[in-house]
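Taken in order, these protein sequences are the chains called A and B.
Going by this note's numbering, the letters in the first sequence line up with residues 1 to 317, in that order.
Going by this note's numbering, the letters in the second sequence line up with residues 1001 to 1317, in that order.
Don't be surprised by glycine CBs; every beta carbon is placed ideally from N, CA and C.
Below: one structure, written as structure tokens.
2 protein chains.
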Amino acid sequence: MPPIADLPEAHVVVDWGTTSFRAVLLSPDGAIRERIETGDGIQFVDKGAFEATLLRLLSPWLAAEGALDIVLVGMVTSRNGWIEVPYVPCPCTPGDLAGGAIRRRLSNGSSVILLPGINDPARKPFPDVMRGEETQIVGFGLENTATIVLPGTHSKWARVADGRISGFRTFVTGELYALLVLHSFIARAAGAQGDGSPAAFARGIADGATDAVDGDAMLSLVFAARTGMLAGALAAGDIRDYVSGLLIAQEFRQARACGFFGEGERIGIVGNDGLNRRYADVARHFGLEVVAGSEHAAIDGARAILAAEKGPRHDAA
Amino acid sequence: MPPIADLPEAHVVVDWGTTSFRAVLLSPDGAIRERIETGDGIQFVDKGAFEATLLRLLSPWLAAEGALDIVLVGMVTSRNGWIEVPYVPCPCTPGDLAGGAIRRRLSNGSSVILLPGINDPARKPFPDVMRGEETQIVGFGLENTATIVLPGTHSKWARVADGRISGFRTFVTGELYALLVLHSFIARAAGAQGDGSPAAFARGIADGATDAVDGDAMLSLVFAARTGMLAGALAAGDIRDYVSGLLIAQEFRQARACGFFGEGERIGIVGNDGLNRRYADVARHFGLEVVAGSEHAAIDGARAILAAEKGPRHDAA
């Protein structure tokens, strides 16, 4: 990421998701001065109560600083949030994202900027969508042609090049993992055990990454969590890590089939869902060089989008 | 299936699974005289109480007929059931299954025969297993080289030839469907609605069967249940049938990759989980000719295994 021109005033970036509210107060040069993190996700906020909730949660900073520029990203910009900000289609630049933002002046004089999510009309059968991750992708940097992965409940794989997000695809790996270990035949076998078996995770990667004839048969490979127990090869405490490795390796196989990477290439891994190290392990198993994104990618991205507001826009064909 | 020699006496076949108990009283020629079906699955039976439970549930027939030959199949033969019957390895004949059975004489003079499940040591990373379905496969018939599918929570794909079950593979499609529609982002979207949208099911088949670059990317394709809603292309009431079609089509793609069928071949579909018509629709989409198994395949199979008890055995290499 090239240096971002300092923004004129102290400002706030809020990642306001379904289950949490995470705000940072930034100096003009982007340094983090303070944080406020609460469980006030948008699912707990009445439709008409977003402004009041925001002013209440940020009241310590507003009392000290007066009116502030507040950037909002995440599900707060969705149909179920405060104001629905329409998706900006790929390929798109930071300037396009700035152009798609919606501004509101609040009762205390603060300015709120709701950043848009993006969609990818090239994806079949329906356009894929993200809302929040695009800001982290911008924060990672768009200068070099690259594939960037954002691990999570619904992980996102994106291609960037020439200052644009070219396209992306969602994989529901994290959610499927949770469903399997909490609610399935695997849950009954694994019980509540199993945190931290690196050997079981590695075995899951190897079995999920197989280039054998059944490498694409995920619906069948998953059953190995049971047959491995029956064969005495997997202990109850191994199951969760084994399934984690198996599913993430399957995600990489499937992403490779979709053209996201080839042997020996570089891959960026960005995010803060606690999965980055697992994804980096799997990436290296697939012969990839890992470039770790900054933990402040969302902040960097929000600032870059603000800075681009007056810059050139890209008009999708 | 060639005619099975009449067995000498009236006899009983019980499919005793995790959640249900289903018994039929048969004439020597195999005709069903009566049925008893209850919710006394093995998970509700204390380890030492299987004999007493069986005698209680069958007491009307035992009172009328005296001692009976009783064939038990299903999870009652597993570690969590009455007596654990070791798996018989593939390839295997009905005679091998008879040879692996365990007999017990009960207090009332009845004879109980617990039939074994089978495993497939050729499956990697661990041997695959089934317990109960092998009896239905035998009932379908082993004379002709064929692929047989048994739809279910954990559907089974088997190859048969030369009077043997050659090998098989489990796909957890039914369970994954239930997890997605009951517990995931799809559940929230679909709500309690959605039974019977043939058009949505057909659309799911088409999208799940795609030969496009992303046809193997199941972790991503599943997200279409959300993006289709966002795009206005899928109504809430369509979601369940759409996901059903998508997942079963993915199962067929994956089974094809594993070598279970090629274009224009025949496929047998056996079972009574209410999914056979759905599987037949998908099979035809993949250019297969469907041979529907008898609804009495389990009974036919149990009788064939009993009849083979004195027949030639196959010794696995």
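**Item:** Of the residues A:L57, A:T227, A:G262 and A:P125, the one placed nearest A1122 of chain B, counting alpha carbons only
**Value:** A:T227
**Item:** chain B contact residues for D216 of chain A, given Cβ-Cβ distances below 7 angstroms
**Value:** D1216, Q1254 and A1257
**Request:** Pick out whichever of A:L219, A:D162, A:I70 and A:D207 has its Cα sitting closest to the Cα of Y1177 of chain B.
**Result:** A:L219
**Request:** Using a Cβ cut-off of 8 angstroms, pull out every chain A residue sitting near E1251 of chain B, in sequence order please.
**Result:** L219
**Prompt:** How big is the Cα-Cα spacing for R303 of chain A and G30 of chain A?
**Reply:** 8 angstroms
**Prompt:** Can you give the Cα-Cα distance for L1055 of chain B and V1073 of chain B, rounded to whole angstroms?
**Reply:** 16 angstroms
**Item:** Closest by C-alpha distance to L114 of chain A, when choosing among A:F252, A:A280 and A:S78
**Value:** A:S78
**Message:** Just to confirm my understanding: we take N119 of chain A, look at its own chain, exclude 5 residues before and 5 after, and list those with CB closer than 6 angstroms. What are they?
**Reply:** Y87, P89, P127 and V129
**Message:** Just to check my reading of the structure: F1201 of chain B and F1252 of chain B have Cβ atoms closer than 8 angstroms, yes? What is that Cβ distance to the nearest angstrom?
**Reply:** So it is not a contact: roughly 14 angstroms between Cβ atoms.
**Item:** the region 1143-1161 of chain B in contact with the region 1094-1104 of chain B per 3-pair CB rule at 8 angstroms
**Value:** no
**Prompt:** Is the region 1237-1244 of chain B touching the region 1183-1190 of chain B in the sense that three or more CB pairs, one from each, lie closer than 8 angstroms?
**Reply:** yes
**Status (buried if at least 16 other CB within 10 Å, exposed otherwise) for D1094 of chain B** = The residue asked about is misnamed: residue 1094 of chain B is Pro in this sequence, not Asp. Looking at its Cβ environment, which holds 16 or more other Cβ atoms inside 10 Å, P1094 of chain B is buried.
**Request:** Measuring only between beta-carbons, confirm whether A1316 of chain B sits less than 8 angstroms from chain A.
**Result:** Here A1316 of chain B scores only 39 on pLDDT, less than 50, and its place in the model should not be relied on; the value that follows carries that caveat. No, no contact with chain A.
**Message:** Going by DSSP, what residue range makes up the beta strand (DSSP E) through R169 of chain A?
**Reply:** R164 to F171
**Asked** Counting pairs of beta carbons, one from the region 1263-1278 of chain B and one from the region 1288-1297 of chain B, are three or more of them closer than 8 angstroms?
**Response** yes
**Message:** Cβ closer than 8 angstroms: which chain B residues qualify as neighbours of V213 of chain A?
**Reply:** A1257, C1258 and G1259
**Item:** Cβ contact (3+ pairs, closer than 8 angstroms) linking the region 1130-1137 of chain B and the region 1157-1172 of chain B
**Value:** yes
**Request:** Note down, in chain order, all residues in the region 218-237 of chain A with a beta-carbon under 9 angstroms from any beta-carbon belonging to chain B.
**Result:** M218, L219, S220, L221, V222, F223, A224, R226, T227, G228, M229, L230, A231, A233 and L234
**Asked** Which residues of chain B have a Cβ atom closer than 7 angstroms to the Cβ of S111 of chain A, listed in chain order?
**Response** Within 7 angstroms Cβ-Cβ: nothing; S111 of chain A doesn't reach chain B, min ~29 angstroms.
**Message:** Ignoring anything shorter than 3 residues, give me the beta strand (DSSP E) runs that lie fully in the region 1051-1104 of chain B, in order along the chain.
**Reply:** 1069-1073
**Message:** Using a Cβ-Cβ distance cut-off of 8 angstroms, determine whether L114 of chain A contacts chain B.
**Reply:** no
**Request:** Would you kindly report the start and end of the unbroken beta strand (DSSP E) that includes A257 of chain A?
**Result:** Where A257 of chain A is concerned, there is no enclosing beta strand (DSSP E), although the alpha helix (DSSP H) it sits in stretches over I239 to A257.
**Item:** F1021 of chain B: first and last residue of the uninterrupted beta strand (DSSP E) it sits in
**Value:** F1021 to L1026
**Item:** For H1011 of chain B, the residue or residues it bridges with in DSSP
**Value:** B:L1026 and B:D1069
**Request:** Could you work out which residue in A:G109, A:L150 and A:R256 is closest to Q136 of chain A when comparing CA atoms only?
**Result:** A:L150
**Request:** Please classify I165 of chain A: is it buried, with 16 or more other beta-carbons within 10 angstroms of its beta-carbon, or exposed?
**Result:** buried
**Request:** Starting from D207 of chain A, find everything on chain B with Cβ-Cβ shorter than 7 angstroms and list it in chain order.
**Result:** P1125
**Request:** Could you check the C-alpha separation between G39 of chain A and L182 of chain A for me, to the nearest Å?
**Result:** 23 angstroms
**Rounded Cβ spacing between V1222 of chain B and L1180 of chain B (contact assumed at less than 8 angstroms)** = 7 angstroms
**Message:** For chain B, check one thing: does any of its Cβ atoms lie closer than 8 angstroms to the Cβ of F168 of chain A?
**Reply:** no
**Message:** In the DSSP assignment, the beta strand (DSSP E) including A292 of chain A goes from what residue to what residue?
**Reply:** E289 to A292
**Asked** Whole alpha helix (DSSP H) runs in the region 133-218 of chain A with 4 or more residues, listed along the chain?
**Response** 133-140, 173-183, 185-190 and 198-208
**Item:** Where A304 of chain A sits in the DSSP three-state scheme
**Value:** helix
**Prompt:** Should V45 of chain A go down as buried or exposed, given a rule of 16 or more other Cβ atoms within 10 Å for buried?
**Reply:** buried
**Item:** Beta bridge counterpart(s) of R284 of chain A as assigned by DSSP
**Value:** None, per the DSSP bridge assignment.
**Asked** List, in order along the chain, the chain A residues whose C-beta lies closer than 7 angstroms to that of F1185 of chain B?
**Response** E175
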